[in-house]
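Chemist: Residue numbers (the UniProt record's numbering): 365 to 641.
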Amino acid sequence: HQKRINRGKISYFDDNLRMQLERIRRLNDRLSFAVQDGSLSLVFQPIIDSNTNLPSSVEALLRWQMDGEPVPPDEFIPIAEQYGMISEIGLWVLKNACIQGLEFQRIIPDLSISVNVSVMQLQGQKFVVEVADILRKLSFPADKLHIEITESVFAKDKSTFLSTVKSLQELGARISIDDFGTGYSSLSSMLDIGVDIVKIDKTFIQDVDKKGLSIVNAVVQMASSLSFDVVAEGVETIDQSEKLYSLGVSHLQGYYFSKPLDASSLCTYLESIKKAS
Ligand code: C2E
Ligand code: MG
Ligand code: MG
Ligand code: MG
């Protein structure tokens, strides 16, 4: 045993793999109780209309504390998807985002709420009915619900999701393509989807002087003929913000305007904006 030259290497990889599996097992185990045990919460990040400088929407972003330790969504969402928990968690998100949205609309009546939905939720047979149910029970105005779907979903096989997307639009909800530019789907395929909003991925926004410029220009041009809204996500500096405005991007979102805020901080933020305007 000890004599093997590469013994150290092997045990390093073994240990690493074992720790990774152990972590996934623990996340999976705790996550299965998350909807019940109150460890999920939402934060909200404003999306600013660049013509009025006022928030037109807020994006709900899921947060999870596992035994008091925050776990980022990029780590736990894939686990929720893989282990069949995303539908239940996704419905919790949708319902609570709408409940909070109604509160926010008491301050700014036209405010929309943007909710991220995973591809596995869209595949669920009952998804559209469940969305309709939540909207009806809460009397939430459907046209103020924006459903964010990651672009890569449509790059693969668009046709599967097209009817679900259409049904959601028939309810009155608006469809937003998230992380646009990362999924290799063509701009013209946005035509078939009949998308309402395109969110350009933050990698292009943070590099808008270089490789980002052509994609921003292309999306803005297509937006004016197909009449969808454009959101630049991940706007961190005043320079980026001014550049994007001059390029004709209609909506801006990012740390430059506001970090994601808990519900009560967002209310304070909205109140202060209402007073100032
Ligand atoms: P996303 O939907 O593209 O959300 C934008 C992410 O960028 C958020 O990360 C947000 O906090 C972050 N962000 C906002 N402004 C800036 C900025 O100026 N600079 C930088 N560097 N980042 C910024 P977060 O909250 O960690 O969420 C990560 C991803 O997890 C989301 O990406 C979304 O795909 C997923 N996610 C979050 N909540 C949910 C949910 O309720 N359901 C589903 N299915 N996915 C969710
Ligand atoms: Mg999003
Ligand atoms: Mg996303
Ligand atoms: Mg995004």
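Note that beta-carbon positions come from the ideal geometry of N, C-alpha and C, so glycine has one too. Remember, it's a predicted structure, so these values are computed and weren't measured experimentally.
Consult DSSP for Q366 and reduce its assignment to one of helix, strand or coil.
Modeler: For Q366, the predicted model reports a pLDDT of 48, less than 50, meaning its position is unreliable; a value from the coordinates is still stated below. It is coil, neither helix nor strand.
Chemist: What does DSSP give as the partner residues of N460 in its beta bridges?
Modeler: N460 pairs with nothing; no bridge assigned.
Chemist: Nearest by alpha-carbon distance to G598: which of T567, S523 and S628 is it?
Modeler: For G598, the nearest C-alpha among the options comes from T567.
Chemist: Any heavy atom of ligand 1 closer than 8 Å to the beta-carbon of E606?
Modeler: Not so, every heavy atom of ligand 1 lies at least 8 Å from the Cβ.
Chemist: Considering Cα atoms alone, identify which of D413, L455, D593 and N392 is closest to P442.
Modeler: Considering only alpha carbons, the answer is N392.
Chemist: Taking C-alpha atoms, which residue in S451, D573, D497 and S614 lies nearest to N480?
Modeler: Nearest C-alpha to N480: S451.
Chemist: Give me the residue from L608, I602 and P434 with the minimum Cα distance to A582.
Modeler: It is L608 whose Cα lies nearest to the Cα of A582.
Chemist: Where P419 and V594 are concerned, what is the direct C-alpha to C-alpha distance, given to the nearest angstrom?
Modeler: Their Cα atoms are separated by approximately 14 Å.
Chemist: Could you check the C-alpha separation between N415 and S396 for me, to the nearest Å?
Modeler: Distance between the alpha carbons of N415 and S396 is about 43 Å.
Chemist: Taking all protein chains shown into account, decide if F468 is buried (16 or more other Cβ within 10 angstroms of its Cβ) or exposed.
Modeler: It counts as buried.
Chemist: Using the Cβ count rule (16 or more neighbours within 10 Å means buried), how would you classify P437?
Modeler: Under this definition P437 is an exposed residue.
Chemist: One question on the structure: do E423 and F440 come within less than 9 Å of each other, judged by their Cβ atoms?
Modeler: Contact: no.
Chemist: Report the start-end ranges of each beta strand (DSSP E) in the segment 500-561 that is 3 residues or longer and not cut off at the edges.
Modeler: 509-514 and 538-544, all fully within the segment 500-561.
Chemist: Please determine, among I388, P473, P410 and F518, the residue with the shortest C-alpha to C-alpha distance to G617.
Modeler: With the sequence shown as reference, residue 617 is identified as Gln, and Gly is not the correct amino acid for it. Residue P410 is the option with its Cα nearest to Q617.
Chemist: How about Y548 and A587: do their beta carbons lie closer than 9 Å?
Modeler: In this structure, A587 does not lie closer than 9 Å to Y548 by Cβ.
Chemist: Use the C-beta contact count for P602: other C-beta atoms within 10 angstroms, 16 or more gives buried, fewer gives exposed.
Modeler: Reading the sequence as shown, one finds Ile at residue 602 and not Pro. Label assigned to I602: exposed.
Chemist: Do L455 and E494 come within 9 Å of each other at the CB atom, strictly closer than that value?
Modeler: In contact: E494 and L455 (Cβ atoms closer than 9 Å).
Chemist: Taking 8 Å as the cut-off, is the beta-carbon of G488 closer than that to any non-hydrogen atom of ligand 1?
Modeler: False, no ligand heavy atom lies under 8 Å from that Cβ.
Chemist: When we look at the beta-carbon of G385 and count the other beta-carbons within 10 Å, is it buried (16 or more) or exposed?
Modeler: Looking at the sequence provided, one finds Leu at residue 385 rather than Gly. By the neighbour-count rule (16 or more Cβ atoms within 10 Å), L385 is not buried but exposed.
Chemist: Can you give me the Cβ contacts of K367 inside the same chain, cut-off strictly under 6 Å, excluding the 5 residues immediately before and after it?
Modeler: The predicted model places K367 with a pLDDT of 49, which falls under 50 and marks its position as unreliable, so this point remains unresolved.
Chemist: Under the criterion of a Cβ to heavy atom distance below 8 Å, does S542 qualify as lining ligand 4?
Modeler: The question names Ser, but residue 542 is Asp in the sequence shown. Within the cutoff, so yes.
Chemist: By alpha-carbon positions, which one of A398, M484 and A596 ends up nearest to D571?
Modeler: Per the Cα distances, A596.
Chemist: Looking only at its chain, what residues have a beta carbon closer than 6 Å to the beta carbon of H365, apart from the 5 residues adjacent to it on each side?
Modeler: Confidence in H365 is poor, its pLDDT being 48 and thus under 50, which makes the residue's placement too unreliable to answer from.
Chemist: May I ask you to check if the CB of N480 is nearer than 8 Å to at least one heavy atom of ligand 1?
Modeler: For ligand 1, at least one heavy atom lies less than 8 Å from the Cβ of N480.
Chemist: For the candidate residues S614, S628, S523 and L499, whose alpha-carbon lies nearest to that of L406?
Modeler: Among S614, S628, S523 and L499, the Cα nearest to that of L406 belongs to S628.
Chemist: Using DSSP with H/G/I as helix, E/B as strand and the rest coil, what is E600?
Modeler: Looking at E600 - three-state DSSP - the assignment turns out to be coil, as it is neither helix nor strand.
Chemist: Which residues in the same chain have their Cβ closer than 6 Å to the Cβ of S476, if we skip the five residues on either side of it in sequence?
Modeler: Only S421, K508 and H510 meet the Cβ criterion.
Chemist: Report the CB separation of V559 from I539 in whole angstroms; it is logged as a contact under 8 Å.
Modeler: With a Cβ gap of about 6 Å, V559 and I539 count as contacting.
Chemist: Please report the distance separating the alpha-carbon of A461 from that of D431.
Modeler: Taking the straight line from one Cα to the other gives about 23 Å.
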